Amino acid sequence: MIIQRNLRAIGIKLDIQNYPRDKFFGPFLSGGKASPPTGAVAGRYDIAEWDNGLLYDPDDSSVLSCDQIPPKGQNFTFYCNHALDALYQQELATVDPGVRQQIFNQIHKVYLTDFPFIVLYSPLSPSIVRKGTHNYQPSPFEGETANIWEWWCDHGKC
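All letters in the sequence shown, in the order written, are residues 1 to 158 by the working numbering.
Here it is, written out as structure tokens:
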């Protein structure tokens, strides 16, 4: 409602339509049913909002590359920029953090020019462990037990 109110203030009418995840994303995914002729599914929308948990690595190619537009991938924005794809290929071809950072700087310039998406917020994901638990390291990929075999606890109790 906040976004709707803010857009109305600048003369843009926004009709909110909520869809269950399977109805909204289903037509994009392999084996999904063909989209209806109208409606805010299968890419027929001007604005869409959904949550997305990206991983620790800053590579966004899986969600913004031209070759990832559904049904082939998860580019639900349907954004396509071949110059950006070339930058993705460069950053994916190296493991050198300094080189990747330089390429990511160029990628972010494209993002700030084209605005293929707008991040509204990034929720915190705190982890809590009991006192006496040692070597607990939450995964950057949103998992609590990434290194469970390396944990140990005082007196054998966690």
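Glycine included, C-beta positions come from ideal geometry on N, C-alpha and C.
Just so it is clear, the structure is predicted and the values come from calculations on it, not from any experiment.
- Item | Residue environment, asparagine 6, which counts as buried when at least 16 other CB atoms sit within 10 Å | Stepping through the sequence shown from its first residue, residue 6 is reached at position 6. It counts as exposed.
- Item | Classification of glutamine 101 by the beta-carbon crowding that lies within 10 angstroms, buried from 16 upward | Here residue 101 corresponds to residue number 101 of the sequence shown, with the count starting at 1. Glutamine 101 is exposed by the Cβ-count criterion.
- Item | Residues sharing a beta bridge with tryptophan 152, DSSP | In the sequence shown, the residue the question calls residue 152 occupies position 152. Answer is His134.
- So, do the stretch 97-111 and the stretch 123-132 have three or more beta carbon pairs nearer to each other than 8 Å? no
- valine 119 and leucine 84 closer than 8 Å at C-beta: Position 119 of the sequence shown, counted from the first residue, corresponds to residue 119. Position 84 of the sequence shown, counted from the first residue, corresponds to residue 84. Taking 8 Å as the Cβ cut-off, valine 119 and leucine 84 do not qualify as a contacting pair.
- Item | Closest Cα partner of proline 58 within the set His155, Leu87 and Ile128 | By 1-based counting over the sequence shown, the position of residue 58 is 58. It is Leu87 whose Cα lies nearest to the Cα of proline 58.
- What does DSSP give as the partner residues of serine 139 in its beta bridges? By one-based count along the sequence shown, residue 139 stands at place 139. Serine 139 is bridged to Gly143.
- Item | Same chain, Cβ closer than 7 Å to valine 129, five either side skipped, listed in chain order | Taking the sequence shown and counting its residues from 1, one reaches residue 129 at position 129. Excluding sequence neighbours, valine 129 sits near Tyr136.
- Query: What are the start and end residues of the alpha helix (DSSP H) that includes glutamine 90?
  - Reply: For the purposes of this step, residue 90 is taken as residue 90 along the sequence shown, with counting starting at 1. Segment 82-92, the alpha helix (DSSP H) holding glutamine 90.
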